[in-house]
Amino acid sequence: MTISDERKRQGLDLLSEKMTGKLRTHLNSCVHCGLCGESCHYYLTYGEDKYLPGHKVDLIAGIYRRYHTLMGRVAPSWIGAHDLDDERIDEMIDVIYGGCAMCGRCTLHCSVGVDISFLVRTARSMLAAMDLVPASLQSTVDAAVTTGNNMGIPQKDLVDTLLWLEEDLHMEPGFEHAEIPLNRKGVNVLYTLNPREPKFFPMSISAMAMVFHAADESWTLSTDYYDVTNYAYYSGDDGIAAELVQRLFNEAGKLEAKTLVLAECGHGPRAIRWEGPRWIQTPYPFRALTVVELMAEYIRQGRITLDPAKNRETMTLHDPCNLARDGGVIEEPRFILKHAAANFIEMTPNRENNYCCGGGGGQLAMGEFAERRLRVAELKADQIRRTGAKIVVTPCHNCIDQLMEVNKEYQLGVKIKTMAEVVADALVLR
Amino acid sequence: MTVWNAVLLTAFLISAVSSLTLFLKTVAMRDDYDPSEPKGSIPPAVLYAYTGAMSPLKKETANRHWPTYTAGMLYHAGIFFSFFWLLILATGIGLPAVLNRPSGVLLASTALCGLAILLKRAVSRKMRALSHPDDYLSNILSTGFQVVTAVTLLSGSGTAVLFFYASLLFLYIPVSKLRHAVFFPLTRFYLALHYGRRGVWPPPERSGL
Amino acid sequence: MGTIIIDEREFEVDGDGFLQDPHIWDKEVAQLLASHDGTGELNDVHWKVINFIREYWLENDMAPMVRALCQAAGIRLREVYELFPMGPAKGACKIAGLPKPDGCV
Chain A
0 MTISDERKRQ GLDLLSEKMT GKLRTHLNSC VHCGLCGESC HYYLTYGEDK YLPGHKVDLI
60 AGIYRRYHTL MGRVAPSWIG AHDLDDERID EMIDVIYGGC AMCGRCTLHC SVGVDISFLV
120 RTARSMLAAM DLVPASLQST VDAAVTTGNN MGIPQKDLVD TLLWLEEDLH MEPGFEHAEI
180 PLNRKGVNVL YTLNPREPKF FPMSISAMAM VFHAADESWT LSTDYYDVTN YAYYSGDDGI
240 AAELVQRLFN EAGKLEAKTL VLAECGHGPR AIRWEGPRWI QTPYPFRALT VVELMAEYIR
300 QGRITLDPAK NRETMTLHDP CNLARDGGVI EEPRFILKHA AANFIEMTPN RENNYCCGGG
360 GGQLAMGEFA ERRLRVAELK ADQIRRTGAK IVVTPCHNCI DQLMEVNKEY QLGVKIKTMA
420 EVVADALVLR
Chain B
0 MTVWNAVLLT AFLISAVSSL TLFLKTVAMR DDYDPSEPKG SIPPAVLYAY TGAMSPLKKE
60 TANRHWPTYT AGMLYHAGIF FSFFWLLILA TGIGLPAVLN RPSGVLLAST ALCGLAILLK
120 RAVSRKMRAL SHPDDYLSNI LSTGFQVVTA VTLLSGSGTA VLFFYASLLF LYIPVSKLRH
180 AVFFPLTRFY LALHYGRRGV WPPPERSGL
Chain C
0 MGTIIIDERE FEVDGDGFLQ DPHIWDKEVA QLLASHDGTG ELNDVHWKVI NFIREYWLEN
60 DMAPMVRALC QAAGIRLREV YELFPMGPAK GACKIAGLPK PDGCV
């Protein structure tokens, strides 16, 4: 691919703009020990040099050395300093977008402590500044920007679906008066959705409505802005990422919500809960937490009662990377499953050491690299198979979609469920 | 003070000032204001970053690579031990001569670890693909430093060669990957800020909530 | 992006197996895609869903909500997932020859 000098300049300028103490530190710390490969599902699958996390670090650190260090200017090849040239850019697109799930597993295990996924995202930001985001990923980002949700759902369609779900809910015994409140002001909980839920998989919305009803929560959904995802986190475009967070922030303000509750998703809660305040440089005046943490609170406070006997089939948990390893939501899902499932079995490794499902890092959206996405998931398939579980529960719709494909591809014969569905199934109404 | 003492001191000062500048410039750089509400507490995470998180049981880069990890640790211990002896010899502080021989043997063996790592880098296809000339020279200087210190201690010969060699090493630190020595503590610190704020570090008690 | 061959017919598809050119789609193609992804022989209810998706897409340039297709085909929500094991997006929409929808699918 031939990239004009002006665009390359934009990429390099972005690197300079982003140069914080943190970035400079991580760019200078890799010692090329080469031990990180065994912590990366891409490298473990393919064994190719290009997937080695240390190599991914070098893709951006080499550019840093070339333009920001003395040795890089006078003796670039000696220290592996590298021009941002067309060849380098092609390599970056292939590996930085197409060969990394930004799952952060290598970061946790790095012998030095280099935040590798942070460097990969910074490299993505450079590519985004050069207008080089893979088309499919960019199209998901664009849909969110122009239509207000990443699937381009018209507001009327959303409302129709929610009303339909509410009607359906009333047919369930015990939920005759359950509600899916829309745009209600001053409630305790403003809930969010992954657009995938109303569009194709709405059972988790009904499930949460049941849980909210059982907990006697005052809650609402917004039909103006509700999207919990933020694919600009994956494309690397901080401007758009901030814009999307700002919209949700404004919506919470408009509805005077006390708590913003983030639906089951990995990167979205990470983007909104952890990166968002930094992107918009404003602390949230409301509490922001994930729905997993909220449901754990309900159980702990006795606001909902669960009967584990209602979920008898053996169940295992897949930890979404952005929720567990980079979001600290680690013990809460286990606490919930202890109360909601009779036969819970851990996969190994788990918690902050869990392997990515293969769909992270925007991989699920990037059809360009779909073949790799399924192949690297063999590790996850083996992990699931070893548990012997019949149900895999995971609090992330992105992981769910990937696991549904993995289930078929590797013939696991399991059911994939959201956390809300498992909790709703175990509810005991008083 | 011999002329070699003077060379060594000069090289050390140049290296120390450059390294300190590198460090302080980085520390003084702006960092993004992060107003997210912390889930965990940062001070224990910082402590954990330099202690528990460094445990080989916690890191696959250690426990999936025991031979390399062990060699690497000994190699680094040897570098610090060589610096210790350099300080003793350069300042003229007398230590009982009986320590020379065991120290020399110890450094010879840690140098072997360094050599093993160098060979791995040169022989393994994966490592060659990841390496730049700087990686080899950085190892050669650090391993050689231990060899020269060992020889000096074992032979009881003059310190001129050691001081010269150490000067080269000092001068190379700030312009090469050896600068990771300067950045390492900062790296751990930034990682602790990240995992600490989010409640990942230190790992909570496993007894539930 | 790639090709798949079903019953000696070759199709250009994207990385996720969605038809590269949605306009080559016809009923025979739909049945081939359904056999390929494990949905199997398409029955009348399948066809109701698929035809609705197809027509909706031709008119609106996007996939319909799952609600709309349940109502149009007169089926309950959970039946959709039984009819199309790969779900409404990677199952039904793919068989109906639509391009891959954006988002977490």
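Residue numbers (numbering that gives the first Met the number 0), protein chains in the order written: chain A, 0 to 429; chain B, 0 to 208; chain C, 0 to 104.
Yeah, the Cβ is synthetic: ideal placement off N, Cα and C, and Gly gets one too.
Residue i: contacting residues in chain A (beta-carbon distance under 7 Å)
i              : result
P42 (chain B)  : Those do not exist, as P42 (chain B) stays about 16 Å from chain A at its closest Cβ, beyond 7 Å.
V65 (chain C)  : K198, F199 and P201
P21 (chain C)  : Here the premise fails: no neighbours, minimum Cβ distance about 14 Å.
V104 (chain C) : R195, F199 and D400
T67 (chain B)  : L34
Neighbourhood of residue i by C-beta, 7 Å cutoff - its chain only, sequence neighbours within 5 removed
i              : result
G430 (chain A) : With chain A running from 0 to 429 in the structure shown, residue 430 (chain A) is simply not present.
S203 (chain A) : E196, E263, T417, A419 and E420
G90 (chain C)  : D36, T38, F83 and P84
V181 (chain B) : S18, L21 and F22
L7 (chain B)   : A89, F162, A165 and S166
R63 (chain B)  : none
Y230 (chain A) : L136, T139, V140, A143, N149, G361 and A364
A127 (chain A) : S234, G235 and D236
Sequence-distant residues of its chain with Cβ nearer than 6 Å to residue i (five each side left out)
i              : result
I335 (chain A) : M294 and A295
Y55 (chain C)  : P63
P180 (chain A) : T219
8 Å contact criterion, which residue i and residue j should meet: CB distance rounded
i              : j              : result
E344 (chain A) : A388 (chain A) : The identity of residue 344 (chain A) in the sequence shown is Ile, whereas the question assumes Glu. So it is a contact: roughly 6 Å between Cβ atoms.
K198 (chain A) : M150 (chain A) : 5 Å
L192 (chain B) : T25 (chain B)  : L192 (chain B) to T25 (chain B), Cβ: 14 Å. No contact.
V286 (chain A) : K309 (chain A) : The sequence shown places Arg at residue 286 (chain A), rather than the Val named in the question. At roughly 30 Å, the Cβ-Cβ gap does not stay under 8 Å, so R286 (chain A) and K309 (chain A) are not in contact.
T222 (chain A) : Q154 (chain A) : 6 Å
W278 (chain A) : A241 (chain A) : 4 Å
V65 (chain C)  : P87 (chain C)  : 5 Å
G39 (chain B)  : G198 (chain B) : 3 Å
R29 (chain B)  : T19 (chain A)  : 6 Å
Partners in chain B for residue i, counting only beta-carbon separations shorter than 9 Å
i              : result
Q410 (chain A) : Within chain B, no residue comes near Q410 (chain A); the closest Cβ sits about 29 Å away, beyond 9 Å.
N27 (chain A)  : L21, T25, K176, R178, H179, V181, F182, L185 and T186
Close-in-space but distant-in-sequence residues of the same chain around residue i (CB under 8 Å, 5 per side omitted)
i              : result
G207 (chain B) : Its pLDDT being 39, under 50, G207 (chain B) is placed unreliably in this model, and the value from its coordinates should be taken loosely. Around G207 (chain B): no qualifying Cβ.
G73 (chain C)  : K47
V2 (chain B)   : none
H169 (chain A) : E175, H176 and A177
Y171 (chain B) : L136, S137, L140 and L177
Per-residue contacts from residue i into chain B (C-beta, under 7 Å)
i              : result
C35 (chain A)  : T60
K21 (chain A)  : D30 and Y189
E351 (chain A) : V199
Contacts of residue i in chain C (Cβ-Cβ under 9 Å)
i              : result
T289 (chain A) : Result: empty, since nearest Cβ-Cβ is about 16 Å, beyond 9 Å.
Contacts that residue i makes with chain A (C-beta to C-beta distance below 8 Å)
i             : result
K26 (chain C) : Near K26 (chain C) there are no residues of chain A at all, since even the closest Cβ is about 23 Å away, more than 8 Å.
K99 (chain C) : S135 and G366
Under 8 Å from the C-beta of residue i: neighbouring residues of chain B
i              : result
T281 (chain A) : P34
Listed by chain order, chain C residues near residue i by CB distance under 8 Å
i              : result
L363 (chain A) : C103 and V104
G98 (chain A)  : Chain C residues near G98 (chain A): none, gap ~14 Å exceeds 8 Å.
G151 (chain A) : M61 and D101
M207 (chain A) : Simply none; closest approach about 15 Å.
Residues that residue i contacts on chain A, provided the C-beta gap is smaller than 9 Å
i             : result
G37 (chain C) : K407
Partners in chain C for residue i, counting only beta-carbon separations shorter than 7 Å
i              : result
A369 (chain A) : G14 and D15
N397 (chain A) : C103
T417 (chain A) : In chain order: nothing, as chain C lies at least about 12 Å away.
Count the C-beta pairs between the segment 422–429 of chain A and the segment 16–31 of chain B that are closer than 8 Å, then say yes if the count reaches three, no if not.
Output reads no: the segment 16–31 of chain B does not touch the segment 422–429 of chain A.
Three-pair Cβ contact test at 8 Å for the segment 142–161 of chain B versus the segment 108–127 of chain B
yes
The segment 262–280 of chain A in contact with the segment 394–413 of chain A per 3-pair CB rule at 8 Å
yes
Give, in chain order, every residue of the segment 308–319 of chain A whose Cβ lies closer than 9 Å to some Cβ of chain C.
none
Beta carbons nearer than 7 Å to chain A: which residues of the segment 99–133 of chain B have them?
Identification of residues in the segment 99–133 of chain B having a C-beta nearer than 7 Å to some C-beta of chain A yields K125, M126, A128, L129, S130, H131, P132 and D133, given in sequence order.
Name, going along the chain, the residues of the segment 136–148 of chain A whose beta-carbon falls closer than 7 Å to a beta-carbon of chain C.
S138, T139 and A142
Using a beta-carbon distance cut-off of less than 9 Å, what residues from the segment 108–127 of chain A approach chain B?
Cβ contacts with chain B come from H108, C109, S110, V111, G112, V113, D114 and F117.
Report yes or no: do three or more beta-carbon pairs, one from the segment 21–35 of chain C and one from the segment 118–125 of chain A, lie closer than 8 Å?
no
Do three or more CB pairs link the segment 342–356 of chain A to the segment 27–34 of chain A at distances below 8 Å?
no
Count Cβ pairs between the segment 300–319 of chain A and the segment 203–222 of chain A that sit closer than 8 Å; are there 3 or more?
Contact between the segment 300–319 of chain A and the segment 203–222 of chain A is present, because at least three Cβ pairs lie under 8 Å.
Could you please tell me which residues of the segment 180–192 of chain A, in chain order, have their CB closer than 7 Å to any CB of chain C?
none
Listed from N- to C-terminal order along the chain, which residues in the segment 69–92 of chain A have their beta-carbon within a distance smaller than 7 Å of any beta-carbon of chain B?
L69, M70, W77, I78 and G79
Closer than 7 Å, Cβ to any Cβ of chain C: which residues of the segment 162–176 of chain A, in chain order?
W163
Is it true that the segment 124–136 of chain B meets the segment 41–51 of chain A, where meeting means three or more beta-carbon pairs spaced less than 8 Å apart?
yes
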